[in-house]
Amino acid sequence: VNTVPPQTLVAFKEHGESAVTIGKDLAAMRKGLAELETLGIHMDQVTDELEEEGVASFSDAFTGLLKTIDDRRAACLLELGDLRNGVAARVKALAGADAARRLWQPDPTLWTQDPAGQAEILRRVGWLRAPEKSRKLIPQVQRILADCQKEGYTHALLLGMGGSSLAPEVLRLTFGVQTVNSKSGLDLAILDSTDPLQVRAAAQRAPLAKTLFIVASKSGSTSETQAHLAYFWKRAVHSLGKTQAGRHFVAITDPGSIVEKQARERDFRDVLLADPNVGGRYSALIAFGMLPAALLGLDLDRWLARAESMMSVSEPSVPAGRNPGLVLGAVLGEAALTGRDKLTFITDPELSAFGSWLEQLVAESSGKQGKGIVPVDQETLLPPRNYSQDRLFVYMRLNGSQDQQVKRLQAAGNPALVLPVKDAYELSAEFYRWEVATAIACSLLGVNAFNQPDVQDNKARTQQKIAAFQKTGRLEEGEPIWEGEGGLVYGQEFPGLNGAKTIADVVELFVQQAKAGVDYVALNAYLPRNPRTASKLQKVRSVLLVRSGCATTLGFGPRFLHSTGQLHKGGANNGVFIQITRDPTVDYDIPEQGIRFGTLERAQALGDLEALRSRERRAIRIHLTTADILDLI
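Note that my numbering has the sequence shown beginning at 114, numbered continuously upward.
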């Protein structure tokens, strides 16, 4: 083998000539070699030395390659811990079952034998080709940004829930606002709450005349998004007039939805029709993610190219062991089936927003039929001795700020995968990798990755409570099981409750039901999601983590209903749920709906608790009257 160094190749391209010269002027050549002999230069010796040096060089390089492979193998074994043999067997079994081909086909029997479930799956795998199909959206979304910049818009507010809002939030918090053609993109914010204080904060964030509203809903009937649209449309009409109001709205929705109809009737600036064959939590790389990415000023060619690279190594032609999503799915599935069902995300600070998107993808896809993987996002990292045998850690590594902590976890025998991310644009590939992995993991669990059978129950209960409110003027909240200074507690009585003197006593006694290594403790707060409230709740969460020895999660309602809500109701009965409510200090009417945002939020909380209790989940609602959040501990 004769390798050509790049410098030699460049030099030859500049002034080299290609010709067959080996047979030319052989006599002169022989004479030259004979003269070299008289000078003490022996060509036999020269070629022998070159051969020895060349072989040594190749040998050293090959030895280095083997060492690198061995080092990486050792790292992989260390990352997998006690899962390594099981994962190897799972990957082999997936290859034998032709899982990758069946995913792409798609073959719904990979997940379920139920005819209705199979029909749903056939309508939900369009995301597999999303990276290449979404290229056709680039001119449209870039035109929307250019027009808005030209017309003086500076901000955008996305009205959406769950899969319609989580990927845009990741983009905003990871990339910030970029510069496009010497102009700033739009400063994007997300509204995915019915809390009146959060609605007010969104309304006051920027002048309405400089704001573009993005109404994002696949079905179009999402109650929160419809409430947001009604509220902000009325404000826009009042401030700008009906003719101009539509120029401040763009819709992203499935063809034929209520939102498409509303958008066309009100003459919205634009309507992006999403691929109806892609479910909400798998929609990061279609229109729901593409428009926000464009408005923030991302390089869309670069963004999709990274996702396309991951798509290319996820296709059926790639051996199972080299398919990144399939292998990760084998790890997730094997971990969950062997009791390590608390999937704990670790990220470098720059990627911290990614976990909220992963949370919905994993929880809503896997949490059904009494099974599921519990995603744990932004939990305080503790020394390894504090963790039970129910954890699988995954570190999204950008700059290595968590290396030492992860190494300590691995050294203690905890499986802790490290997924290198070279820059923020690599997140498009990670979106894709995790979608494949989740679909594969669900096939191993034997659940349908593409439905959410328990979500509708919560919605129906909420609607029933709103209908009753519209008749009677009040919400039926039931009788408290504990009353004391600072608050009330609702739910089913539990051992020791009668001896509780404070709200902190109630929480401590309730959490004693949680079994370390099996259960998790979920804080579900129907409160405004802002840094101050989140900080206090994280402190409560950290105390409960240490006190119980269990994994902990934190969700803000109603946001989490579109994320982990399916897992809470349909997954294993290993959650201990603490719901937190408080009367709002301000409230706003929802136009044409006969209720206020505060009423909607409370109805959602009551419906949530009722749905949990109907499934015999361990759940209480703590209603704060004068107590502070920190009084819970």
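Glycine is no exception: its CB is placed at the ideal position from the N, C-alpha and C atoms.
From Val620 to Ser556, what does the alpha carbon distance come to, in whole angstroms? 37 angstroms
Assumed close pair Ser337, Arg574 - CB separation to whole angstroms, cut-off 8 angstroms: The question names Ser, yet the displayed sequence has Glu at residue 337. With a Cβ gap of about 15 angstroms, Glu337 and Arg574 do not count as contacting.
Give the secondary structure of Lys137 by DSSP, where H, G and I count as helix, E and B as strand, and everything else as coil. coil
Is the Cβ-Cβ distance between Arg419 and Ser247 less than 8 angstroms? no
Starting from the C-beta of Val290, find all residues in its chain whose C-beta is less than 8 angstroms away, skip the five residues before and the five after it, and write them out in chain order. Ser297, Gly298, Leu299, Asp300, Leu301, Leu409 and Gly410
Three or more C-beta pairs under 8 angstroms: does that hold for the stretch 394-401 against the stretch 514-521? The stretch 394-401 vs the stretch 514-521: no contact.
Taking the alpha-carbon of Phe362 as reference, which of Gly199, Trp416 and His341 has the nearest alpha-carbon? Checked all of Gly199, Trp416 and His341; the closest Cα to Phe362 is His341.
What do you get for Val117, buried or exposed, if any count of 16 or more other CB atoms within 10 angstroms of its CB means buried? Its Cβ having fewer than 16 others within 10 Å, Val117 is exposed.
DSSP three-state label for Asn637, please. DSSP places Asn637 in strand when its eight states are reduced to three.
Taking the straight line between their C-alpha atoms, what separation do you get for Phe125 and Glu245? 38 angstroms
Element boundaries [beta strand (DSSP E), containing His736]: Arg731 to Leu737
Residue from Ile693, Val699 and Ala349 with nearest C-alpha to Leu737: Ile693
Whose C-alpha, out of Phe669, Leu745, Asp173 and Ile703, is nearest the C-alpha of Asp721? Phe669
List the residues that DSSP assigns as beta-bridge partners of Gly668. Asn637
Measuring straight from C-alpha to C-alpha, what distance separates Thr615 and Glu598? 7 angstroms
The stretch 462-479 touching the stretch 674-688, judged by at least three CB pairs closer than 8 angstroms: yes
Mind checking who Phe458 pairs with in its DSSP beta bridge? For Phe458, which the question treats as bridged, DSSP gives the partners Val507.
Look at the alpha carbon of Thr303 and the alpha carbon of Pro566, and state the distance between them as a whole number of angstroms. Going by the sequence as given, residue 303 is Ile instead of Thr. Cα-Cα distance, rounded: 26 angstroms.
Return the bridge partner residues of Ile365 from the DSSP annotation. Answer is Ala329 and Leu385.
Per DSSP, Ala710 forms a beta bridge with which residues? In the sequence as displayed, the identity of residue 710 is Phe instead of Ala. Note: Phe710 sits in no beta bridge, so no partner.
According to the neighbour-count rule (16 or more other Cβ atoms, all chains shown, within 10 Å of its Cβ), is Thr493 buried or exposed? exposed
Give me the residue from Gly600, Gly434 and Val444 with the minimum Cα distance to Leu193. Val444
C-beta contact flag for Asp461 and Leu495 at 8 angstroms: no
Along the beta strand (DSSP E) that carries Phe690, what are the first and last residues, could you check? Here the beta strand (DSSP E) through Phe690 covers Gly688 to Arg695.
Touch test, the stretch 526-542 against the stretch 476-484, Cβ-Cβ under 8 angstroms, three pairs minimum: no
What three-state label does DSSP hand Pro281 in the structure shown? helix
For Gly684, the nearest candidate out of Ala581, Lys584, Trp595 and Ala562 (CA to CA): Ala562
Taking just the CA atoms, how far does Ala550 sit from Val431? 15 angstroms
Could you check where the beta strand (DSSP E) with Trp595 kicks off and where it finishes? Trp595 to Gly597
Count the other CB atoms within 10 Å of the CB of Phe175; is the residue buried (16 or more) or exposed (fewer)? So Phe175 ends up on the exposed side.
Could you give the DSSP three-state label for Ala550: helix, strand or coil? helix
Does the contact criterion of 3 or more C-beta pairs under 8 angstroms hold for the stretch 223-240 versus the stretch 580-589? no
From this set, Ala716, Val204, Thr225 and Thr646, which residue's C-alpha is nearest Gly559's C-alpha? Sorting Ala716, Val204, Thr225 and Thr646 by C-alpha distance to the C-alpha of Gly559 places Thr225 at the top.
Outcome for His681 when other beta-carbon atoms lying within 10 angstroms are tallied against a minimum of 16: buried
Identify the continuous beta strand (DSSP E) that holds Leu601 and give its terminal residues. Gly600 to Gly604
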